[in-house]
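Trainee: Protein chains in written order, with our numbering: chain H, 642 to 1014; chain F, 642 to 1014. Here a beta-carbon is modelled for each residue, glycine too, at the ideal position from N, C-alpha and C.
2 protein chains.
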Amino acid sequence: MDIPFLQLNESNRPFRQEMTEAACRVIESGWYLNGPEKDRFERELAEFCHSTSAAVAVSNGLDALRLIFRALIETGRLRCGDEVIVPANTYIASILPVIEMGLKPVAVEPSEKDFNLDPVRIEEALTERTRAVLVVHLYGYPCWDAAIMQRLRDRGLLILEDNAQAIGAIASSEGFNGTAMTGNLGDAAAFSFYPTKNLGALGDAGAVITPHADIRDCVAALANYGSDRRYHNIYRGYNCRMDELQASFLRIKLRHLDAETAARNAIARIYDAAIKNPEVKRPTFFTDRTVVWHQYPIHTARRDELRKYLASRGIGTDIHYATPPHLQPCMKGVFSEHLPITERLALQEISLPIANISPIQAETIATIINEFK
Amino acid sequence: MDIPFLQLNESNRPFRQEMTEAACRVIESGWYLNGPEKDRFERELAEFCHSTSAAVAVSNGLDALRLIFRALIETGRLRCGDEVIVPANTYIASILPVIEMGLKPVAVEPSEKDFNLDPVRIEEALTERTRAVLVVHLYGYPCWDAAIMQRLRDRGLLILEDNAQAIGAIASSEGFNGTAMTGNLGDAAAFSFYPTKNLGALGDAGAVITPHADIRDCVAALANYGSDRRYHNIYRGYNCRMDELQASFLRIKLRHLDAETAARNAIARIYDAAIKNPEVKRPTFFTDRTVVWHQYPIHTARRDELRKYLASRGIGTDIHYATPPHLQPCMKGVFSEHLPITERLALQEISLPIANISPIQAETIATIINEFK
Chain H
642 MDIPFLQLNE SNRPFRQEMT EAACRVIESG WYLNGPEKDR FERELAEFCH
692 STSAAVAVSN GLDALRLIFR ALIETGRLRC GDEVIVPANT YIASILPVIE
742 MGLKPVAVEP SEKDFNLDPV RIEEALTERT RAVLVVHLYG YPCWDAAIMQ
792 RLRDRGLLIL EDNAQAIGAI ASSEGFNGTA MTGNLGDAAA FSFYPTKNLG
842 ALGDAGAVIT PHADIRDCVA ALANYGSDRR YHNIYRGYNC RMDELQASFL
892 RIKLRHLDAE TAARNAIARI YDAAIKNPEV KRPTFFTDRT VVWHQYPIHT
942 ARRDELRKYL ASRGIGTDIH YATPPHLQPC MKGVFSEHLP ITERLALQEI
992 SLPIANISPI QAETIATIIN EFK
Chain F
642 MDIPFLQLNE SNRPFRQEMT EAACRVIESG WYLNGPEKDR FERELAEFCH
692 STSAAVAVSN GLDALRLIFR ALIETGRLRC GDEVIVPANT YIASILPVIE
742 MGLKPVAVEP SEKDFNLDPV RIEEALTERT RAVLVVHLYG YPCWDAAIMQ
792 RLRDRGLLIL EDNAQAIGAI ASSEGFNGTA MTGNLGDAAA FSFYPTKNLG
842 ALGDAGAVIT PHADIRDCVA ALANYGSDRR YHNIYRGYNC RMDELQASFL
892 RIKLRHLDAE TAARNAIARI YDAAIKNPEV KRPTFFTDRT VVWHQYPIHT
942 ARRDELRKYL ASRGIGTDIH YATPPHLQPC MKGVFSEHLP ITERLALQEI
992 SLPIANISPI QAETIATIIN EFK
């Protein structure tokens, strides 16, 4: 029995032939940046996410958020010092760009039901300086309460999504853009195609989707040195480009993403049905929305023991995330919020293998967990 | 007669087989970031540049500079508001990171001899707030006057290099690190491997070389979310990683860089000898240093006419750079310096084809230029 947590060579094995051909095509083309593969991927990603305006392909998910916040400032929607509500229970990359752009992150605790930013708590955290809310669809689970989001929008707040983990997920009700698909619910969304993601590149890559043409144009210019045309810099920009190779790989994998998601979801359903150890809390998400399982998180008070036990039986696991952002050394002095739920979850979470394992392997893992005493 | 300014598919044709094999190897490996190709490239690049400490491979040349300036702040060497001397005659990417990091760029005019930051003028631009000098080795020509640089260093200034265009060039005298090779002369150097560079990736890529271990460690952490180990963030970092694919391509091309440089230099020597039109000023660089020709810049008062004439004869050219940084829309209010030399050069420069053309083609181009009346 040897089930690693994740083997990217296995994840990519089915696409190896197609990706090798794409690599040859791009290598021979002589066109490595801002070319046809990127253009096509931008359109295909938008279509996948039910967006009527093209995506902007960028360098990675962190940069996608940096570009969104900078564009919101450039287009006059945000100002230095504005407060942005962020989930306390997330990866630090969701929060770093908020601080980098001179905005003030206000961390809000998760719901214990789905580990995501608790919409009910958002309204309690509002101040007169709150100007935006960043929801993170953690583990592939849509964080969207339409009634609350509408109330926040009616107050003039921007609604932003970190969709790094939930491409293809569907909320329980529509967002503001005529679709319930994550990544196209609010004013702008960041995507990550880090290799371990459900749609994973073979390196870093990311994207931005927004229904606002001025934000889109601004993000695209900022990502290319701030230039609206060659050697004409209207913004003090960055270099945040997705290259043609990564775009060509992502185009291939996007065509297979629904099947990949279905396979992950099938494994999750086996875990749901088969894990019965009373010491282990399975995720018990709402059933009114379509999850795309990025991680399968279980929680237990005996986390380190269980991880060690699973490792001794050849089962790899991971933790998402062992240290919450507000407790990282670099965040000293940033947050004054009391965040006990986030801190407890960080001590109890284990992510089980979810990608590229067979139903039988999932059942075996469940059985081994059930035998943990 | 049809000689495009640059054809990247031709540039990469000799390496196509090797690069395709490398792509297959990386695709199959399952290791796409922070892996063995990057580690090896970091060592091989350092060795090539006569550096005793490993390079840090990063996402692109702009990010290399961002990381350097941020690391200089984090390690206590620079503070917000400090003045940094920069060349007025450069690409805007050299200057954007200075401003982004809260430092004040002070633009200094070039020498008309080599178009680079004029070392003599640096000392005139010093104020009590000057803390660093960024030299850009433009067009592949080393910008280094050892006596002046030593005096600046003795005053406590940091000496930084933008080596995006000059990998492998050799200054007329040693820098501070026991070698005269650009990229290892001062306190830190940024490299760009943009596809058109002498060492060009198949997408964006860059690197940092520094003799200071603390700057190196800081740059490496900042480029990886600010983490010194997994999920432990000591800085508020970025995502600026070079992926394994680009590292594998650069390793191949680095082995052939000396030959590539020799071929470019041979074309430049033909232009030097054969272009005789009195309306055209050839570059007349100092002969005491080893240039790696990245661009072959000629200057003429009738620039647009000559470009049009060359285009009508099938000869592609480019301009580096049509609009100097201080005149870009995004730089309004940043510079108060009077920069007439830079502005004149920007009106007169034409870059001739230098990569992947044959000696006969270079002679033909020279003849056509000589026939321009």
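For residue 874 of chain H, which beta-bridge partners are listed by DSSP?
Mentor: Position 233 of the first sequence, counted from the start, is the residue given in the question as residue 874 of chain H. Beta-bridge pairing links residue 874 of chain H to H:868.
Trainee: In chain order, what residues of the same chain lie with their CB nearer than 7 Å to the CB of residue 718 of chain H, ignoring the 5 residues before and after it?
Mentor: Counting from one through the first sequence, the residue named residue 718 of chain H turns up at place 77. Same-chain partners within the cutoff: 799.
Trainee: Cβ-heavy atom distance between residue 741 of chain H and the ligand COA below 7 Å?
Mentor: This structure lacks the ligand COA; in fact it carries no ligand of any kind.
Trainee: Run the CB neighbour count on residue 1001 of chain H, radius 10 Å, all protein chains shown included, and call it buried at 16 or more, exposed below.
Mentor: The count along the first sequence starts at 1 and reaches residue 1001 of chain H at position 360. Per the 10 Å Cβ criterion, exposed.
Trainee: Using three-state DSSP, classify residue 799 of chain H as helix, strand or coil.
Mentor: Reading the first sequence from its first residue, position 158 is the one you call residue 799 of chain H. The answer is strand: DSSP assigns residue 799 of chain H an E or B state.
Trainee: Locate the alpha helix (DSSP H) running through residue 811 of chain H, then write down its first and last residues.
Mentor: Stepping through the first sequence from its first residue, residue 811 of chain H is reached at position 170. No alpha helix (DSSP H) contains residue 811 of chain H, which DSSP labels as neither H nor E.
Trainee: Using a Cβ-Cβ cut-off of 8 Å, state whether residue 660 of chain H counts as contacting chain F.
Mentor: As a first step, residue 660 of chain H must be located in the first sequence, where it is residue number 19. Yes, contact with chain F.
Trainee: Give me the Cα-Cα distance between residue 786 of chain F and residue 977 of chain F, rounded to the nearest whole angstrom.
Mentor: Position 145 of the second sequence holds residue 786 of chain F. Position 336 of the second sequence holds residue 977 of chain F. If I take the Cα positions, the gap works out to 26 Å.
Trainee: Does any residue of chain F bring its CB to less than 8 Å from the CB of residue 667 of chain H?
Mentor: Here residue 667 of chain H is taken as the residue at index 26 of the first sequence, counted from 1. Residue 667 of chain H counts as touching chain F.
Trainee: With a threshold of 16 other CB atoms inside 10 Å of the CB of residue 642 of chain F, please say whether the residue is buried or exposed.
Mentor: Within the second sequence, the letter at position 1 stands for residue 642 of chain F. Label assigned to residue 642 of chain F: exposed.
Trainee: For residue 753 of chain F versus residue 982 of chain F, is the C-beta spacing smaller than 8 Å?
Mentor: For the purposes of this step, residue 753 of chain F is taken as the residue at position 112 of the second sequence. For the purposes of this step, residue 982 of chain F is taken as the residue at position 341 of the second sequence. In contact: residue 753 of chain F and residue 982 of chain F (Cβ atoms closer than 8 Å).
Trainee: How many whole angstroms separate the CB atoms of residue 726 of chain F and residue 761 of chain F, which I take to be in contact at a CB cut-off of 8 Å?
Mentor: Locating residue 726 of chain F in the second sequence gives position 85, where the first residue counts as 1. Locating residue 761 of chain F in the second sequence gives position 120, where the first residue counts as 1. Between residue 761 of chain F and residue 726 of chain F the Cβ distance is about 12 Å, and since that is not below 8 Å, they are no contact.
Trainee: In the DSSP assignment, the alpha helix (DSSP H) including residue 915 of chain H goes from what residue to what residue?
Mentor: Your numbering for residue 915 of chain H matches position 274 in the first sequence. Counting along the chain, the alpha helix (DSSP H) containing residue 915 of chain H begins and ends at 898-915.
Trainee: Out of H:652, H:682 and H:881, which has the shortest C-alpha to C-alpha gap to residue 889 of chain H?
Mentor: Counting from one through the first sequence, the residue named residue 889 of chain H turns up at place 248. If we check each option's Cα against that of residue 889 of chain H, H:682 comes out closest.
Trainee: Taking Cβ-Cβ distances below 8 Å as the criterion, which residues of the segment 881-915 of chain F are in contact with chain H?
Mentor: Residues passing the 8 Å Cβ filter: 882, 884, 885, 886 and 887.
Trainee: Give the DSSP-derived three-state secondary structure of residue 990 of chain F in the structure shown.
Mentor: Locating residue 990 of chain F in the second sequence gives position 349, counting from the first residue. Strand.
Trainee: Considering only the alpha carbon of each residue, which of F:749, F:967 and F:896 lies closest to residue 809 of chain F?
Mentor: Here the question's residue 809 of chain F lines up with position 168 in the second sequence. Selected option, being the one with the closest Cα: F:896.
Trainee: Quick one: what does DSSP say residue 937 of chain F is sitting in, helix, strand or coil?
Mentor: Numbered from 1 along the second sequence, position 296 holds the residue referred to as residue 937 of chain F. Note: residue 937 of chain F maps to strand in three-state DSSP.
Trainee: What residues in the segment 961-984 of chain H have a beta carbon less than 7 Å from any beta carbon of chain F?
Mentor: Hits within the stretch, in order: 962, 963, 964, 969, 970 and 971.
Trainee: Who are the neighbours of residue 836 of chain H on chain F, taking C-beta pairs under 7 Å?
Mentor: Within the first sequence, residue 836 of chain H is the residue found at index 195, counting from 1. Those are 673 and 674, listed as they occur along chain F.
Trainee: Where does residue 748 of chain H sit, in a helix, a strand or coil, going by DSSP?
Mentor: Here residue 748 of chain H is taken as the residue at index 107 of the first sequence, counted from 1. The answer is strand: DSSP assigns residue 748 of chain H an E or B state.
Trainee: Restricting to Cα atoms, I'd like to know which of F:997, F:811 and F:940 is closest to residue 651 of chain F.
Mentor: If you number the second sequence from 1, residue 651 of chain F lands on position 10. Residue 651 of chain F has its Cα closest to that of F:997, out of F:997, F:811 and F:940.
Trainee: Does DSSP put residue 770 of chain H in a helix, in a strand, or in coil?
Mentor: Stepping through the first sequence from its first residue, residue 770 of chain H is reached at position 129. Three-state DSSP puts residue 770 of chain H in coil, outside helix and strand.
Trainee: Touching or not, the segment 954-974 of chain F and the segment 916-926 of chain F, by the rule of three or more beta carbon pairs under 8 Å?
Mentor: Segments in contact, no.
Trainee: Please report the straight-line C-alpha distance between residue 817 of chain F and residue 701 of chain F, rounded to a whole angstrom.
Mentor: Position 176 of the second sequence, counted from the first residue, corresponds to residue 817 of chain F. Position 60 of the second sequence, counted from the first residue, corresponds to residue 701 of chain F. Cα to Cα, residue 817 of chain F sits roughly 25 Å from residue 701 of chain F.
Trainee: Three or more C-beta pairs closer than 8 Å, one from the segment 733-741 of chain H and one from the segment 864-881 of chain F: is that the case here?
Mentor: As far as the Cβ criterion goes, the segment 733-741 of chain H touches the segment 864-881 of chain F, which means the pair count is three or higher.
Trainee: Please classify residue 918 of chain H: does DSSP put it in a helix, a strand, or coil?
Mentor: Here residue 918 of chain H corresponds to residue number 277 of the first sequence, with the count starting at 1. In this structure, residue 918 of chain H counts as coil in the three-state DSSP scheme.
Trainee: Within the continuous beta strand (DSSP E) that includes residue 689 of chain F, where are the two ends?
Mentor: To locate residue 689 of chain F, count along the second sequence from 1; it is residue 48. It is not in any beta strand (DSSP E) - residue 689 of chain F instead sits in the alpha helix (DSSP H) that spans 677-689.
Trainee: Can you check whether the C-beta of residue 737 of chain H is within less than 8 Å of a C-beta belonging to chain F?
Mentor: As a working mapping, residue 737 of chain H is identified with position 96 in the first sequence. For residue 737 of chain H, the answer is yes, since a Cβ of chain F falls inside 8 Å of its Cβ.
Trainee: Contact defined as beta carbons within less than 8 Å: I believe residue 945 of chain F pairs with residue 992 of chain F. What is the distance between those atoms, to the nearest angstrom?
Mentor: As a position in the second sequence, residue 945 of chain F is number 304, starting the count at 1. As a position in the second sequence, residue 992 of chain F is number 351, starting the count at 1. Going by Cβ atoms, the distance from residue 945 of chain F to residue 992 of chain F rounds to 14 Å, so no, they are not a contact pair.
Trainee: If we define contact as Cβ-Cβ less than 8 Å, is residue 873 of chain H a contact residue for chain F?
Mentor: Counting from 1 along the first sequence, the entry for residue 873 of chain H is found at position 232. Yes, contact with chain F.
Trainee: What span of residues does the beta strand (DSSP E) with residue 729 of chain H cover, start to end?
Mentor: Here the question's residue 729 of chain H lines up with position 88 in the first sequence. Neither: residue 729 of chain H is in no beta strand (DSSP E) and is coded neither H nor E.
Trainee: Could you work out which residue in F:796, F:841, F:948 and F:859 is closest to residue 849 of chain F when comparing CA atoms only?
Mentor: Here the question's residue 849 of chain F lines up with position 208 in the second sequence. Here the closest residue by C-alpha is F:859.
Trainee: Residues in the same chain with beta-carbon distance under 7 Å from residue 918 of chain H, minus the five sequence neighbours each way, listed in chain order, please.
Mentor: Residue mapping note: residue 918 of chain H aligns to position 277 of the first sequence, counting from 1. Correct list, in chain order: 1010, 1011 and 1013.
Trainee: Residue 1010 of chain H lies in the beta strand (DSSP E); which residues open and close that run?
Mentor: Residue 1010 of chain H sits at position 369 when you count from the first residue of the first sequence. Looking at the DSSP string, residue 1010 of chain H is not in any beta strand (DSSP E); the run it does join, the alpha helix (DSSP H), is 1000-1011.
Trainee: Is residue 851 of chain F buried or exposed, if buried means 16 or more other CB atoms sit within 10 Å of its CB?
Mentor: On the second sequence, position 210 is the one that residue 851 of chain F refers to. When all chains shown are included, residue 851 of chain F counts as buried.
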